[in-house]
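In this note's numbering, the protein residues as written are 1 to 232.
Ideal placement from N, C-alpha and C gives every residue a C-beta, glycine not left out.
In structure tokens:
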């Protein structure tokens with residue numbers, strides 16, 4: 001996990017024993033560990049919308065009160081969940097520099113294609129637990145225009161850890177002689193999985209822009225979906 005500045009810890013009693021709590025400085029993160037028996041630090045910041053400056057014991061056996069610079073939040077289960085009477089949710093998106101190209105654009109055996117994603121993509125995993133950090137978060141496929149309903153396989157596929165602008169190289173010996181689709185799947189930590197596609201002319205297109213959105217179906221799948229809906 002990234003380094004986080006921690007405020008001085010505080011020891012507070014809960015129903016099942018004594019715990020040590022630590023607040024992150026200027027970040028909505030809270031950690032706790034049991035002191036008897038001694039356990040590892042565990043993050044407990046579910047639904048906590050802002051950073052706290054003080055943590056104190058409440059009246060109930062497992063009640064805690066976290067004071068921020070603007071208000072206070074209460075947990076009735078030892079800090080596992082925090083109440084937020086008026087939560088606000090906003091769309092977020094990652095801002096990233098273009099991924100540097102390390103290939104050889106003059107290689108005659110490779111098709112060099114610049115790719116750019118549009119849409120609110122958010123794959124910043126720096127505050128996720130290590131269990132959920134499992135890049136790559138970007139999957140790329142060069143497929144036929146009727147994929148997958150024509151039972152074909154991708155002509156080419158690859159993965160990237162994360163990127164919004166990048167350049168790929170595809171061996172020319174796998175390219176079809178007809179137009180194709182560049183299909184993309186992106187793991188998004190705000191809206192689950194985003195998908196998108198764009199038509200390309202294999203070996204000829206120089207740059208392509210792919211618009212990503214939830215449930216952005218490939219043309220063949222969308223046609224099949226519409227057909228099934230019309231039968232209802």
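So, with DSSP's three-state summary, where would you put residue i?
| i | result |
| --- | --- |
| residue 155 | coil |
| residue 131 | helix |
| residue 139 | strand |
| residue 62 | coil |
| residue 172 | helix |
| residue 126 | coil |
| residue 166 | strand |
| residue 220 | helix |
| residue 230 | helix |
Can you check whether the CB of residue j is closer than 7 Å to the CB of residue i?
| i | j | result |
| --- | --- | --- |
| residue 148 | residue 176 | no |
| residue 235 | residue 134 | Given a span of 1 to 232 for the chain in the structure shown, any question on residue 235 remains unanswerable. |
| residue 210 | residue 198 | yes |
| residue 71 | residue 65 | no |
| residue 46 | residue 81 | yes |
| residue 93 | residue 122 | yes |
| residue 182 | residue 221 | no |
| residue 206 | residue 109 | no |
| residue 97 | residue 167 | no |
| residue 50 | residue 68 | yes |
| residue 144 | residue 152 | yes |
On a CA-only basis, which of the options is nearest residue i? Give me that one, please.
| i | options | result |
| --- | --- | --- |
| residue 48 | 136, 3 and 30 | 30 |
| residue 213 | 229, 158, 232 and 185 | 185 |
| residue 130 | 43, 8 and 35 | 43 |
| residue 180 | 204, 167 and 164 | 204 |
| residue 165 | 99, 218 and 91 | 99 |
| residue 28 | 104, 36, 5 and 76 | 5 |
| residue 60 | 7, 172, 21 and 16 | 16 |
| residue 37 | 19, 26 and 25 | 19 |
On the DSSP bridge assignment, give the partners of residue i in chain order.
| i | result |
| --- | --- |
| residue 32 | 21 and 42 |
| residue 11 | 20 |
| residue 207 | 114 |
| residue 200 | 180 |
| residue 57 | 64 |
| residue 186 | 138 and 194 |
| residue 213 | 195 |
Are three or more beta carbon pairs between the segment 51 to 71 and the segment 8 to 16 nearer than 8 Å? Touching, yes, given that three or more Cβ pairs across the two stretches are closer than 8 Å.
Using a Cβ distance threshold of 8 Å, determine whether the segment 185 to 198 contacts the segment 110 to 119, with at least three qualifying pairs required. They touch, by the three-pair rule.
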